[in-house]
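K.L.:
Take any residue in the sequence shown, note its place counting from 1, add 34, and you have its number in this note's numbering. Don't be surprised by glycine CBs; every beta carbon is placed ideally from N, CA and C.
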Amino acid sequence: RMGAASLDLTALAAGQLDIYFERMLQPWDHAAGVLIAREAGAEIRGWNGSPPDIDWLLASHPDVIDEIESVLVTAGAHFDLR
35 RMGAASLDLT
45 ALAAGQLDIY
55 FERMLQPWDH
65 AAGVLIAREA
75 GAEIRGWNGS
85 PPDIDWLLAS
95 HPDVIDEIES
105 VLVTAGAHFD
115 LR
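#1: Throw me the rounded Cβ distance for the R72 and I99 pair, which I believe falls under 8 Å.
#2: Report the rounded CA-to-CA distance for L43 versus G67, giving the unit in angstroms.
#3: Mark P86 as exposed unless 16 or more other C-beta atoms lie within 10 angstroms of its C-beta, in which case mark it buried.
#4: How is the beta strand (DSSP E) around L91 delimited, first residue to last?
#5: In the DSSP assignment, what residue or residues form a beta bridge with E56?
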């Protein structure tokens with residue numbers, strides 16, 4: 035993480051990052067960055083395709099986000115989700 039979650043998401047929007055994944059973020063931590071990243075064409079999702087929430091925020095290009103989510107699940111990133 036480079037600082038605030040919203041700054042990391044704007045780096046994704048600018049093409050400086052390919053993937054952003056975080057857990058335990060409050061909406062105020064990521065709301066502005068999610069908006070900017072979506073406007074730039076990123077897909078943002080929560081666990082299992084739901085909207086992002088405190089448990090899971092994944093952002094990437096729509097063409098690769100499913101594969102990235104699969105890798106995260108295989109690695110156990112979802113271990114304590116409801």
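P.N.:
Put simply:
#1: Translated into positions along the sequence shown, residue 72 becomes position 38. Translated into positions along the sequence shown, residue 99 becomes position 65. Going by Cβ atoms, the distance from R72 to I99 rounds to 12 Å, so no, they are not a contact pair.
#2: Taking the first residue of the sequence shown as position 1, residue 43 is located at position 9. Taking the first residue of the sequence shown as position 1, residue 67 is located at position 33. C-alpha separation (whole angstroms): 5 Å.
#3: The residue given as residue 86 occupies position 52 in the sequence shown. With 16 or more Cβ atoms within 10 Å of its Cβ, P86 is classed as buried.
#4: Residue 91 sits at position 57 when you count from the first residue of the sequence shown. It spans L91 to S94 - the beta strand (DSSP E) in which L91 sits, taken as one unbroken run.
#5: On the sequence shown, position 22 is the one that residue 56 refers to. According to DSSP, which records beta bridges pairwise, E56 is partnered with L91.
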